[in-house]
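**Student:**
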Amino acid sequence: RVEFTKNESGRKGLTSIRVYNNNNLLVKQIEFFQTQTYDDFPLLFLNQIKITAPGEVETENYSFQYSSSTVNKSPRSIDKWGFYNAANNTTLVPSINTLVKVNNFPNYSSEVTVNIPGGNREPNETAMQSGMLTSITYPTGGQTHFIYEAHRYKDNNGNVKLAGGLRIKQIRNVDETESTTYRNFKYSTTSS
Numbered sequence: 011r012v013e014f015t016k017n018e019s020g021r022k023g024l025t026s027i028r029v030y031n032n033n034n035l036l037v038k039q040i041e042f043f044q045t046q047t048y049d050d051f052p053l054l055f056l057n058q059i060k061i062t063a064p065g066e067v068e069t070e071n072y073s074f075q076y077s078s079s080t081v082n083k084s085p086r087s088i089d090k091w092g093f094y095n096a097a098n099n100t101t102l103v104p105s106i107n108t109l110v111k112v113n114n115f116p117n118y119s120s121e122v123t124v125n126i127p128g129g130n131r132e133p134n135e136t137a138m139q140s141g142m143l144t145s146i147t148y149p150t151g152g153q154t155h156f157i158y159e160a161h162r163y164k165d166n167n168g169n170v171k172l173a174g175g176l177r178i179k180q181i182r183n184v185d186e187t188e189s190t191t192y193r194n195f196k197y198s199t200t201s202s
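According to my numbering, the sequence shown is numbered sequentially starting from 11.
#1: Excluding the 5 residues preceding and the 5 following ALA63 in the sequence, name in chain order all residues of the same chain whose CB lies nearer than 7 Å to its CB.
#2: For THR25 and PHE42, which I take to be in contact (beta-carbon distance under 8 Å), what is that distance rounded to the nearest angstrom?
#3: Restricting to Cα atoms, I'd like to know which of VAL67, PHE55 and ASN71 is closest to ILE1.
#4: Could you check which residue in GLY174, ARG162 and THR144 has the C-alpha nearest to that of PHE74?
#5: Across the stretch 168-184 and the stretch 108-119, are there enough close Cβ pairs to call them in contact, namely three or more that are closer than 8 Å?
#6: Quick one: what's HIS155 bridged to in DSSP?
#7: What are the residues that DSSP puts in a beta bridge with GLY168?
#8: Less than 9 Å between the C-beta atoms of GLY141 and PHE55, yes or no?
#9: Out of curiosity, what's the CA-to-CA distance linking GLY129 and LYS90?
#10: Below 8 Å on the Cβ atoms is my guess for ARG135 versus ALA160; work out the distance and round it to an integer in Å.
#11: What are the boundary residues of the beta strand (DSSP E) that includes GLU70?
#12: ASN166: which of THR200, ASN194, ARG11 and GLU66 sits nearest, CA to CA?
#13: Within this structure, are the beta carbons of PRO133 and ASN95 separated by less than 9 Å?
#14: In its own chain, which residues sit with a C-beta less than 7 Å from the C-beta of PHE14, not counting the 5 before and 5 after it?
#15: Please state whether DSSP places ALA137 in a helix, a strand or coil.
#16: Hey, out of SER84, PHE93, ASN32 and PHE115, whose CA is closest to THR101's CA?
#17: Going by Cα to Cα distance, which pick from ILE40, LYS196, VAL122 and ASN33 is closest to ILE157?
#18: With a threshold of 16 other CB atoms inside 10 Å of the CB of PHE115, please say whether the residue is buried or exposed.
#19: Quick one: Cα of ARG86 to Cα of THR191, how far?
#20: Is TYR94 helix, strand or coil when you go by DSSP?
See below:
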């Protein structure tokens, strides 16, 4: 049988998984160590996984590192795609520039551009990375590091613009002998 133990005090997530054989003896235990942050809403981060088995001396430890997650993630601080942009918005309605026909003396039928202020809904590549997994350390001592970048697209004028969401730019693996391998990812804005 497999036994799952939830976090106490109504927190989300698990604290452990225990695996028992058909004689009801514990054969493996997996413990989860987490941190919960309390900004505008709670975020749960997995910091470490510890795997043990009765009778075995060695414990397998996996640890996880994240980019800073201590920023205030207001539900109004989002870009057009719904990703965090760190803007201090009071509204989700973006700023609008519009032409208005003025029919007042002395400017009958003249047009002026009016700016209606609103929230900043532009993507912010740095802010999107808040709370993202940046590295994993394995029981062997090796590590995997993750570098992210924002999605990009071409607008109607052919200019490359930032879009919401992140993608992997580079994965760097460092083994227990400090030998490093890199995997770089290239993305295209063409449709060919």
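Glycine included, every Cβ here is placed at the ideal spot set by N, Cα and C.
**Tutor:** The relevant details are as follows:
#1: VAL37 and LYS38
#2: 6 Å
#3: Nothing about residue 1 can be read from this structure; the chain reaches only from 11 to 202.
#4: THR144
#5: no
#6: SER145 and ARG182
#7: In DSSP, GLY168 forms no bridge with anything.
#8: yes
#9: 10 Å
#10: According to the sequence displayed, residue 135 carries Glu and not Arg. Their Cβ separation, rounded to whole angstroms, is 4 Å, which keeps GLU135 and ALA160 in contact under 8 Å.
#11: 70-76
#12: THR200
#13: yes
#14: LEU24 and ILE27
#15: helix
#16: SER84
#17: LYS196
#18: exposed
#19: 40 Å
#20: strand
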